[in-house]
Amino acid sequence: MDTELPSLEHADGGAVIGGAVPELTRAFRMSEVEFRCDFLWDSRLVSRPRLLGAFRIRQMAALMLDWLSSEAEVLKRIVANRQALASTMHFALDSAFPYPEHAFAQSVYVGINIPRAKLQLSPDQRPGDVDCLIVPFSDNEILLERTIAIEAKIVRPSISNPGRNANTMGRAQVRGLLCDGFPFVGLVHISVPESMPSHMHWEVPEISDIAGSNGELIETGEYFIFDPFPLASARRQEGRVLALGLPVEVGYRVIAMTLSNNGERFCGFTIGEARAGARNPVVSHRVLEAVRMLLTTEPRLFEVVHWFNEVGT
C-alpha cells in the first residue's frame with residue numbers, strides 16, 4: 002500500500018493560482034514534490050510555510066528511496082522479482098544458451114557481491130567482487146561451463162541532472178572478469194530515473210485489435226500514459242556503453258526501471274539496449290571448481306530462481 006504523505010495545504014487554506022488549492026494529499030514521489038516546490042517558489046504563488054512543508058515531504062520521500070543508493074540492495078530486489086531479473090539478465094542467458102538453445106529452459110543460482118577470495122581469486126585484482134554470479138542448473142547437473150559473471154552499475158538520473166552517470170563505467174572490471182576465466186561475462190547498467198511530474202508524461206493512443214474496413218488501424222479513444230524519462234535515460238546510457246568499445250566476449254544490457262508509487266519495488270522496464278556476448282576463449286577450470294565448492298559449502302550466498310512453476314503448483 003502506498004504511504005500517504007501529509008497535505009501541503011496551509012492550515013488556513015491559503016489560496017494559490019486563481020484561488021484554487023492543488024490536491025497534494027496523495028503520495029508523491031520525490032521528484033513530483035520537488036518540481037511543484039520549485040514551480041511555486043519561482044512563481045511566488047506560495048508562502049514560506051507551504052515551502053517548508055514541501056521540503057519536509059521531500060526529505061521523507063528521500064528516506065523511502067535510500068535503498069536505491071545500495072548496489073547490493075538494488076540487485077537483491079531485482080533477483081527477488083522474476084520479471085525484473087529476466088528483463089535485466091536475459092542477454093547473459095542468451096550468451097550462455099544461444100539459439101537454438103533456450104535461455105530460460107534451466108533454473109539458476111544467483112549470487113550477489115561474491116568476494117574474489119571466496120572464488121580463490123587474487124583479492125588485489127579488479128573487480129573486488131562479482132556483482133552478480135549466475136550458475137545455471139538442470140534437474141541432473143550444475144552447468145558450470147555456462148557460469149556467468151556480471152558487473153553491474155546503478156545510475157540515478159534526476160530532473161535537475163538528467164545526464165548523471167555512474168562513477169565508473171565498468172570496462173576495467175569486465176576485462177578483469179575475462180582474465181579471471183569466467184565462461185561468460187556481462188556488463189549491466191541499471192538506470193532508475195527520478196519520476197517526472199504527471200503533466201509531463203506522454204499519451205500514446207491505444208489501437209483496437211480489430212482493423213478497419215480497409216485494413217487501417219483504429220484507435221479506441223483510450224490512451225496509455227507513461228513517463229518518457231526511463232526510455233530517454235536508457236538510450237543515453239547505451240550510447241555511453243557502446244563508446245567503451247567492449248570486446249565481443251562481453252555482453253551488455255542497459256535497462257531503465259520505474260518504481261511503484263511507494264518507491265519500494267520495480268514496476269516497469271525498458272526493452273532493447275542489449276547485446277549477447279561470446280564465450281570466453283580462456284576459461285579457468287580452477288574458477289569453475291571454486292564456484293562448485295562455494296555452492297556446496299556456502300549455499301546461503303545464492304538465491305535459487307526457477308523461471309517457471311512446476312505443473313500443478
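For reference, each letter of the sequence shown is one residue, going 2 to 314 in the numbering used here. Backbone N, C-alpha and C fix where the C-beta goes; we use that ideal spot for every residue, glycine too.
Asked: Per-residue DSSP class, three states only, for G240; Found: helix
Asked: Own chain, CB closer than 7 Å to K77, minus 5 neighbours either side, in chain order; Found: I113
Asked: Same chain, Cβ closer than 8 Å to N82, five either side skipped, listed in chain order; Found: R266 and F267
Asked: Outcome for H103 when other beta-carbon atoms lying within 10 angstroms are tallied against a minimum of 16; Found: exposed
Asked: Whole-Å CB distance - S192 paired with P158, under 8 Å assumed; Found: 6 Å
Asked: Candidates V189, V111, A73 and V283: closest to C180 by CA position; Found: V283
Asked: Supposed contact pair T89 and V189 - C-beta distance, whole angstroms, cut 8 Å; Found: 6 Å
Asked: Counted within 10 angstroms of its Cβ, other Cβ atoms place S96 as buried (16 or more) or exposed; Found: buried
Asked: Range of the contiguous beta strand (DSSP E) that encloses T221; Found: E220 to F227
Asked: Nonlocal neighbours in the same chain, by C-beta distance under 8 Å from E299, ignoring five residues either side; Found: K119
Asked: Cβ contact (3+ pairs, closer than 8 Å) linking the stretch 203 to 223 and the stretch 140 to 155; Found: no
Asked: Unbroken beta strand (DSSP E) run spanning S192, endpoints; Found: F185 to S192
Asked: CA nearest to the CA of F225, picked from S199, P206 and D140; Found: P206
Asked: Check whether F98 and W308 have beta carbons under 9 Å apart; Found: no
Asked: Check whether G278 and E239 have beta carbons under 9 Å apart; Found: no
Asked: Continuous beta strand (DSSP E) stretch holding R127: start and end; Found: Per DSSP, R127 belongs to no beta strand (DSSP E) and is neither H nor E.
Asked: Terminal residues of the alpha helix (DSSP H) in which K119 lies; Found: Note, K119: premise wrong, no alpha helix (DSSP H); not H, not E.
Asked: P231 in three-state terms, based on DSSP; Found: helix
Asked: Buried/exposed call for Q174, threshold 16 Cβ in 10 Å; Found: buried
Asked: Beta-carbon contacts of E33 that lie in its chain and below 6 Å, excluding the five residues immediately before and after; Found: Note that E33 has pLDDT 38, beneath the 50 cutoff, so the model's placement of it is unreliable and the number below is only indicative. Only P198 meet the Cβ criterion.
Asked: For I79, three-class secondary structure by DSSP; Found: helix
Asked: F230 beta carbon less than 9 Å from that of I143; Found: no
Asked: Residue burial classification, L218 (beta-carbon count within 10 angstroms, cutoff 16); Found: exposed
Asked: Among R287, V305, N310 and E304, the one whose alpha carbon lies nearest that of R117; Found: R287
Asked: L94 versus A275: straight-line alpha-carbon distance, rounded; Found: 12 Å
Asked: Enclosing alpha helix (DSSP H) for L296 [first to last residue]; Found: H286 to T298
Asked: L260: first and last residue of the uninterrupted beta strand (DSSP E) it sits in; Found: V251 to L260
Asked: With 16 other Cβ atoms within 10 Å as the buried cut-off, status of S234; Found: buried
Asked: Option in L260, I115, N141 and G246 with minimal Cα separation from R176; Found: G246
Asked: Exposed unless 16 or more other CB atoms sit within 10 angstroms - verdict on G222; Found: exposed
Asked: Length-filtered (4 minimum) alpha helix (DSSP H) runs lying within the stretch 136 to 166; Found: none
Asked: Contacts around V154, its chain only, beta-carbon distance under 6 Å, and the 5 residues preceding and following it disregarded; Found: Here residue 154 is Lys; the residue named in the question, Val, does not match the sequence. A167, G171 and H190.
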